[in-house]
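*Asks:* Those letters in the sequence shown? Residues 1 to 496, by full-length UniProt numbering.
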Amino acid sequence: MPKELPGFYYDAEKNRYFPLKGPIPGSSRASSSTTNTQNPAIKPTQAINFCRKTRIRISKLLHGRELNGNIIDFNKGKCSFTEELLKIQASQPMVWKYQGTEKISDGALDQMHIDIHTPGLFEVGKSGQHFDSGEKCIPDLVRPVVEVNKAECSKAPGHIWRPEGASLQMSSNISCIKLFGKHPSYAVDDCFSIQHALLTTLGSETSGGSVFILNLVEPLDLYSSTSIRRMIREVASFNCTIWTADCNHNATLAAIGTNLGAALVNSETGTTTWTCRSKSDVLAQQLDQSGNIVLCGLRNGAIVTVDVREKREGFSARLIRHKIPHSPLGRFHQNSSKQWFELRGNIYPSYTLYMPSSICCLVSLQSYEQYFLASSMDGSIKLYDHRMTKRGAVQSYDGHVNSHSRIQLGVDQSERFLMAGGEDCNLRLWSIKSGELLFEEKFCNSVLPTVSWQRAEAYVKIPDENRSYEECLSGQKHSWGAWCGSQEGLFYVHWS
Numbered sequence: 001m002p003k004e005l006p007g008f009y010y011d012a013e014k015n016r017y018f019p020l021k022g023p024i025p026g027s028s029r030a031s032s033s034t035t036n037t038q039n040p041a042i043k044p045t046q047a048i049n050f051c052r053k054t055r056i057r058i059s060k061l062l063h064g065r066e067l068n069g070n071i072i073d074f075n076k077g078k079c080s081f082t083e084e085l086l087k088i089q090a091s092q093p094m095v096w097k098y099q100g101t102e103k104i105s106d107g108a109l110d111q112m113h114i115d116i117h118t119p120g121l122f123e124v125g126k127s128g129q130h131f132d133s134g135e136k137c138i139p140d141l142v143r144p145v146v147e148v149n150k151a152e153c154s155k156a157p158g159h160i161w162r163p164e165g166a167s168l169q170m171s172s173n174i175s176c177i178k179l180f181g182k183h184p185s186y187a188v189d190d191c192f193s194i195q196h197a198l199l200t201t202l203g204s205e206t207s208g209g210s211v212f213i214l215n216l217v218e219p220l221d222l223y224s225s226t227s228i229r230r231m232i233r234e235v236a237s238f239n240c241t242i243w244t245a246d247c248n249h250n251a252t253l254a255a256i257g258t259n260l261g262a263a264l265v266n267s268e269t270g271t272t273t274w275t276c277r278s279k280s281d282v283l284a285q286q287l288d289q290s291g292n293i294v295l296c297g298l299r300n301g302a303i304v305t306v307d308v309r310e311k312r313e314g315f316s317a318r319l320i321r322h323k324i325p326h327s328p329l330g331r332f333h334q335n336s337s338k339q340w341f342e343l344r345g346n347i348y349p350s351y352t353l354y355m356p357s358s359i360c361c362l363v364s365l366q367s368y369e370q371y372f373l374a375s376s377m378d379g380s381i382k383l384y385d386h387r388m389t390k391r392g393a394v395q396s397y398d399g400h401v402n403s404h405s406r407i408q409l410g411v412d413q414s415e416r417f418l419m420a421g422g423e424d425c426n427l428r429l430w431s432i433k434s435g436e437l438l439f440e441e442k443f444c445n446s447v448l449p450t451v452s453w454q455r456a457e458a459y460v461k462i463p464d465e466n467r468s469y470e471e472c473l474s475g476q477k478h479s480w481g482a483w484c485g486s487q488e489g490l491f492y493v494h495w496s
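Encoded structure:
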């Protein structure tokens with residue numbers, strides 16, 4: 001009998017040793033649970049700190065590149081110099097909080113570029129002072145708390161100007177803001193084609209939610225509230241709650257998720273087509289790049305795939321009825337009791353996924369159209385491949401804290417990083433590819449439910465591996481910024 005070698009297993013048929021690899025994607029992590037059982041004294045925070053200590057240092061990274069080139073060998077395997085450098089930068093962000101921005105960004109948040117009509121402004125007064133034209137909000141550095149040099153201070157974002165005429169009170173809370181005509185993440189200029197935005201309201205006790213289109217073509221007069229009212233057009237109203245929404249690239253359709261199911265709304269005529277009817281609320285939605293398939297995340301933890309190409313107009317239109325097996329634990333076991341829930345629509349039952357709790361966010365990756373991120377209200381965040389749903393998750397992202405909140409996931413343009421707030425008021429940042437938790441810190445006393453990554457006007461998706469260290473830094477610095485919203489105020493996270 002061959003002797004055992006640590007980290008290897010022996011194949012008698014092939015008469016050789018093979019290295020032991022990690023668990024198959026989607027399989028249960030028995031080894032990790034066993035380790036936790038053997039070491040009950042190790043807390044999750046201690047494990048996270050240990051991972052941070054073992055991360056590659058910049059000096060070692062540069063030394064390895066000088067010797068081996070861009071692909072560097074380390075104890076944990078081969079890695080890319082550029083990718084590891086970006087991870088190190090992401091683990092040390094600077095965070096600013098804007099004064100006077102309480103309760104304006106905790107429902108929905110997005111960044112857009114528009115033309116405005118405004119006279120010249122003069123830099124007078126103090127922070128937070130009200131001018132005749134509005135209020136100036138100054139950013140305060142909240143992280144790092146230690147003093148930084150002048151060069152770092154020069155990276156502070158500009159102030160926010162809040163004109164008095166730029167606010168508009170909607171009938172109920174804003175549930176979603178989406179930009180029509182988004183370019184893929186590799187576009188050089190992500191802003192020039194965005195001419196309209198989708199806006200939905202949640203609904204209230206007296207009225208249901210509504211769908212609005214925001215016209216960004218005409219210049220905005222910030223001194224006139226009527227100018228903003230002219231920009232917003234109500235497309236459709238409903239006698240139900242609108243939890244979420246998404247839109248296609250050519251600005252013709254909006255997909256909405258409600259407490260009655262999912263529907264498509266024509267952005268020009270307001271014609272509504274119900275694509276899915278369910279007794280479980282549709283809390284999250286995501287259209288694929290073709291606009292033919294929409295993912296719907298339900299309150300019962302199911303993620304269903306709906307084909308929206310077949311048009312069935314009207315609320316009472318006949319839809320195909322499906323009975324889909326569902327386990328209350330979010331996964332099937334031999335001893336678990338199967339339950340069935342009914343859906344109506346053009347659904348692919350074989351692609352149905354289940355998470356342990358209510359789905360709160362779905363995000364498709366543009367670079368790999370079959371991959372999408374999903375989060376549920378038990379704190380789970382996972383990456384799935386739509387072609388292999390039965391194999392489970394491709395990657396998991398540990399450390400997230402959630403029990404009942406609708407918290408957004410934010411993915412940067414390069415699709416390297418994933419950002420999300422937690423119910424413990426911490427902001428976390430993961431590597432999408434490796435699942436590594438890069439940053440975790442509390443700088444706010446309330447939950448950060450909204451995230452919007454800053455769009456770069458001149459962005460290169462795949463950096464040149466042959467560039468120098470300085471060129472690598474300068475080529476990426478404009479894209480690593482994100483806005484985070486909470487009831488406490490608006491925050492800006494940045495690194496370079």
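Beta carbons are placed, not taken as given, at the ideal position from N, Cα and C, and that holds for glycine.
Buried or exposed: Q413, going by 16 or more other Cβ atoms within 10 Å of its Cβ?
*Replies:* Sequence index remark: in the sequence shown, residue 413 carries index 413 (1-based). So Q413 counts as buried.
*Asks:* Quick one: what's F372 bridged to in DSSP?
*Replies:* Your numbering for residue 372 matches position 372 in the sequence shown. Looking at the DSSP assignment, F372 forms a beta bridge with S364 and Y384.
*Asks:* Does the region 207-224 touch the region 484-496, meaning 3 or more C-beta pairs lie closer than 8 Å?
*Replies:* At 8 Å Cβ cutoff, the stretches do not touch.
*Asks:* Hey, quick one: how far does the alpha helix (DSSP H) through T82 stretch, first residue to last?
*Replies:* For this step, residue 82 is matched to residue 82 along the sequence shown. It spans F81 to A90 - the alpha helix (DSSP H) in which T82 sits, taken as one unbroken run.
*Asks:* Below 8 Å, can you find three or more Cβ-Cβ pairs linking the region 224-233 to the region 241-249?
*Replies:* No: the two stretches stay apart, fewer than three of their Cβ pairs being nearer than 8 Å.
*Asks:* What does the Cβ neighbour count give for E440, buried or exposed, with the cut at 16 atoms within 10 Å?
*Replies:* Mapped onto the sequence shown, residue 440 falls at position 440. Its Cβ being crowded by 16 or more others within 10 Å, E440 is buried.
*Asks:* Let me check understanding here. Comparing Cα to Cα, which of I324, S405, R387 and Y397 lies closest to residue 501?
*Replies:* Nothing can be reported for residue 501, as the shown portion of the chain is limited to 1 through 496.
*Asks:* Following the continuous beta strand (DSSP E) through residue 527, name the residue where it begins and the one where it ends.
*Replies:* The chain is shown only over 1 to 496; residue 527 falls outside these bounds and no answer can be derived.
*Asks:* Cα separation between L109 and V451?
*Replies:* In the sequence shown, the residue the question calls residue 109 occupies position 109. In the sequence shown, the residue the question calls residue 451 occupies position 451. The alpha-carbon atoms of L109 and V451 are separated by roughly 7 Å.
*Asks:* According to DSSP, is Y354 part of a helix, a strand, or is it coil?
*Replies:* Translated into the one-based positions of the sequence shown, residue 354 becomes position 354. Y354: strand per DSSP, three-state reduction.
*Asks:* Look at the Cβ atom of T200, then the Cβ atom of G208, and state whether they are nearer than 8 Å.
*Replies:* Here the question's residue 200 lines up with position 200 in the sequence shown. Here the question's residue 208 lines up with position 208 in the sequence shown. Not a contact, by the Cβ cut-off of 8 Å.
*Asks:* Under a three-way DSSP split, which group does F491 fall into?
*Replies:* As a first step, residue 491 must be located in the sequence shown, where it is residue number 491. Note: F491 maps to strand in three-state DSSP.
*Asks:* CA-CA distance, E415 and P2?
*Replies:* Working through the sequence shown from its first residue, we reach residue 415 at position 415. Working through the sequence shown from its first residue, we reach residue 2 at position 2. Approximately 45 Å between the Cα atoms of the pair.
*Asks:* How is the beta strand (DSSP E) around R233 delimited, first residue to last?
*Replies:* Here residue 233 corresponds to residue number 233 of the sequence shown, with the count starting at 1. Run containing R233: I232 to S237, per the beta strand (DSSP E) assignment.
*Asks:* Do you know offhand how far G158's Cα is from I138's?
*Replies:* In the sequence shown, the residue the question calls residue 158 occupies position 158. In the sequence shown, the residue the question calls residue 138 occupies position 138. Answer to the nearest angstrom: the Cα atoms are 8 Å apart.
*Asks:* With 16 other CB atoms within 10 Å as the buried threshold, where does K103 fall?
*Replies:* Taking the sequence shown and counting its residues from 1, the one referred to as residue 103 is at position 103. Counting Cβ neighbours within 10 Å, K103 comes out exposed, since fewer than 16 surround it.
*Asks:* Would you identify the three-state DSSP class for C484, choosing helix, strand or coil?
*Replies:* Here residue 484 refers to the residue found at position 484 when the sequence shown is read from its first residue. Correct three-state label for C484: strand.
*Asks:* Since L298 contacts A254 with CB under 8 Å, what's their CB separation in whole angstroms?
*Replies:* Here the question's residue 298 lines up with position 298 in the sequence shown. Here the question's residue 254 lines up with position 254 in the sequence shown. With a Cβ gap of about 19 Å, L298 and A254 do not count as contacting.
*Asks:* Smallest Cα separation from A90: which of K442, L438, V447 and Q454?
*Replies:* By one-based count along the sequence shown, residue 90 stands at place 90. Nearest option by C-alpha distance: L438.
*Asks:* At 4 residues or longer, what runs of the alpha helix (DSSP H) sit wholly inside the region 195-269?
*Replies:* Entirely contained in the region 195-269, the alpha helix (DSSP H) runs reaching 4 residues are, in chain order, 225-231.
*Asks:* Which value, in whole angstroms, describes the spacing of the CA atoms of A263 and I303?
*Replies:* The residue given as residue 263 occupies position 263 in the sequence shown. The residue given as residue 303 occupies position 303 in the sequence shown. Cα to Cα, A263 sits roughly 16 Å from I303.
*Asks:* Per DSSP, Q339 is paired with what?
*Replies:* Here residue 339 corresponds to residue number 339 of the sequence shown, with the count starting at 1. According to DSSP, Q339 bridges with H326.
*Asks:* In terms of DSSP beta bridges, what is residue 541 paired with?
*Replies:* For residue 541 there is no data in the structure shown, the boundaries of the chain being 1 and 496.
*Asks:* Decide if Q169 is buried, meaning its Cβ has at least 16 other Cβ atoms within 10 Å, or exposed.
*Replies:* The count along the sequence shown starts at 1 and reaches residue 169 at position 169. The residue is exposed, with fewer than 16 neighbouring Cβ atoms inside 10 Å.
*Asks:* Assuming C361 and I293 form a contact by the criterion Cβ under 8 Å, report the distance between their Cβ atoms to the nearest whole angstrom.
*Replies:* Locating residue 361 in the sequence shown gives position 361, counting from the first residue. Locating residue 293 in the sequence shown gives position 293, counting from the first residue. About 18 Å; that fails the 8 Å criterion.
*Asks:* So S403 packs on M377, CB below 8 Å; how close in whole Å?
*Replies:* If you number the sequence shown from 1, residue 403 lands on position 403. If you number the sequence shown from 1, residue 377 lands on position 377. Between M377 and S403 the Cβ distance is about 6 Å, and since that is below 8 Å, they are a contact.
*Asks:* So for E164, helix, strand or coil by DSSP?
*Replies:* Walking along the sequence shown from the start, residue 164 turns up at place 164. Three-state result, E164: helix.
*Asks:* Pull up the DSSP beta-bridge partners for E440, would you.
*Replies:* In the sequence shown, residue 440 corresponds to position 440, counting from 1. Looking at the DSSP assignment, E440 forms a beta bridge with R428.
*Asks:* I think R277 touches R344, with their Cβ atoms under 8 Å apart; what is that distance to the nearest whole Å?
*Replies:* The residue labelled residue 277 in the question sits at position 277 within the sequence shown. The residue labelled residue 344 in the question sits at position 344 within the sequence shown. That pair is a contact at about 4 Å.
*Asks:* Are H249 and G291 close, meaning C-beta to C-beta below 8 Å?
*Replies:* For the purposes of this step, residue 249 is identified with residue 249 of the sequence shown, where counting begins at 1. For the purposes of this step, residue 291 is identified with residue 291 of the sequence shown, where counting begins at 1. Yes.
*Asks:* Helix, strand or coil: how does DSSP classify R16 here?
*Replies:* Indexing the sequence shown from 1 puts residue 16 at position 16. In the structure shown, R16 sits in a strand (DSSP, three-state: E or B).
*Asks:* Suppose you measure from the CA of V447 to the CA of L429; what does that come to, to the nearest Å?
*Replies:* Here residue 447 refers to the residue found at position 447 of the sequence shown. Here residue 429 refers to the residue found at position 429 of the sequence shown. Looking at the two C-alpha atoms, the distance is approximately 15 Å.
*Asks:* For S278, write down the residues that DSSP places opposite it in a beta bridge.
*Replies:* The count along the sequence shown starts at 1 and reaches residue 278 at position 278. In DSSP, S278 forms a bridge with L343.
*Asks:* Residues in its own chain within less than 6 Å of C247 by CB, not counting five upstream and five downstream?
*Replies:* Counted from its first residue, the sequence shown places residue 247 at position 247. Excluding positions up to five away in sequence, the list reads K178, F180, L198 and A254.
*Asks:* Look at residue 503 and Q286 and say whether their C-beta atoms are less than 8 Å apart.
*Replies:* With the chain covering only 1 through 496, there is no way to say anything about residue 503.
*Asks:* Since I believe G421 is in contact with S396 (beta carbons under 8 Å), could you give me their beta-carbon distance rounded to a whole number of angstroms?
*Replies:* Taking the first residue of the sequence shown as 1, we reach residue 396 at position 396. Taking the first residue of the sequence shown as 1, we reach residue 421 at position 421. Their Cβ separation, rounded to whole angstroms, is 18 Å, which puts S396 and G421 out of contact at 8 Å.
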